[in-house]
Amino acid sequence: MGIRSFSNKLKSIKLVGLDAMIFIYHFDQRQPYYPLTLRIFELLEQKTFEAITSMMSPIEVLSHPPLEKELEKLKSFHDFFLRERGLKICEVDFEIADSAAYLRRKYRLRTPDAIQLATAMKNEAELFITNDDRFRKVPSFPILLLKDFV
Numbered sequence: 203m204g205i206r207s208f209s210n211k212l213k214s215i216k217l218v219g220l221d222a223m224i225f226i227y228h229f230d231q232r233q234p235y236y237p238l239t240l241r242i243f244e245l246l247e248q249k250t251f252e253a254i255t256s257m258m259s260p261i262e263v264l265s266h267p268p269l270e271k272e273l274e275k276l277k278s279f280h281d282f283f284l285r286e287r288g289l290k291i292c293e294v295d296f297e298i299a300d301s302a303a304y305l306r307r308k309y310r311l312r313t314p315d316a317i318q319l320a321t322a323m324k325n326e327a328e329l330f331i332t333n334d335d336r337f338r339k340v341p342s343f344p345i346l347l348l349k350d351f352v
């Protein structure tokens with residue numbers, strides 16, 4: 203499908219939910235997904251839309267063991283989460299926890315995934331971007347998978 207098709211999917215969106223893997227792919231410049239994650243963050247910088255993610259994202263990104271020896275990179279990622287314009291990092295409150303528990307029961311999502319999606323839902327994101335096929339089990343929320351565009 204390509205980057206143009208991906209960009210078109212995001213054209214009229216005002217708020218997008220982002221899974222932790224979007225940040226991981228972006229920071230690692232992981233191919234073939236990096237051009238897509240780069241486009242997400244370009245559009246975020248241009249204020250085309252805003253993004254929401256759960257506190258799970260910085261936990262997953264900042265806990266990667268090799269960062270223990272790459273302190274500059276760790277600081278860079280840390281600063282990104284604190285300063286990225288248009289990105290809101292949402293704490294897990296009872297409403298999100300309750301919704302995540304429902305998603306785990308109904309669709310058998312893993313806890314971090316359920317928290318991510320519940321965060322997007324609570325904040326009324328218009329879609330959720332990930333690369334995890336397990337989210338396709340949730341028919342009630344629009345899911346965009348990076349792999350569908352490479």
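Numbering of the sequence shown is given in the numbering used here, commencing with residue 203 and proceeding in unit increments. Positions of the beta carbon are idealized from the N, C-alpha and C atoms, including for glycine.
Whole-angstrom distance between residue j and residue i, CA atom to CA atom
i, j, result
"E286", "S301", "27 Å"
"F337", "I345", "7 Å"
"L402", "D221", "Any property of residue 402 remains undetermined from this structure, which presents the chain solely from 203 to 352."
"D335", "Q231", "21 Å"
"F330", "V218", "6 Å"
"L284", "K308", "34 Å"
Residue range of the unbroken beta strand (DSSP E) whose run includes residue i
i, result
"F330", "329 to 332"
"G339", "Residue identity check: residue 339 is Lys in the sequence provided, not Gly. From DSSP, K339 is part of no beta strand (DSSP E); its letter is neither H nor E."
"K290", "289 to 292"
"L347", "345 to 347"
Rounded distance between the beta-carbons of residue j and residue i, thought under 8 Å
i, j, result
"H228", "L240", "7 Å"
Residue i beta carbon near the ligand SAM (any heavy atom closer than 6 Å)
i, result
"T321", "For the structure depicted, the ligand SAM is absent and the ligand set is empty, with no information on it obtainable."
Quick check on the DSSP output: what are the complete alpha helix (DSSP H) runs of length 4 or more inside the region 219 to 281, in order along the chain?
222 to 230, 236 to 247, 258 to 264
- Counting pairs of beta carbons, one from the region 315 to 323 and one from the region 246 to 260, are three or more of them closer than 8 Å? yes
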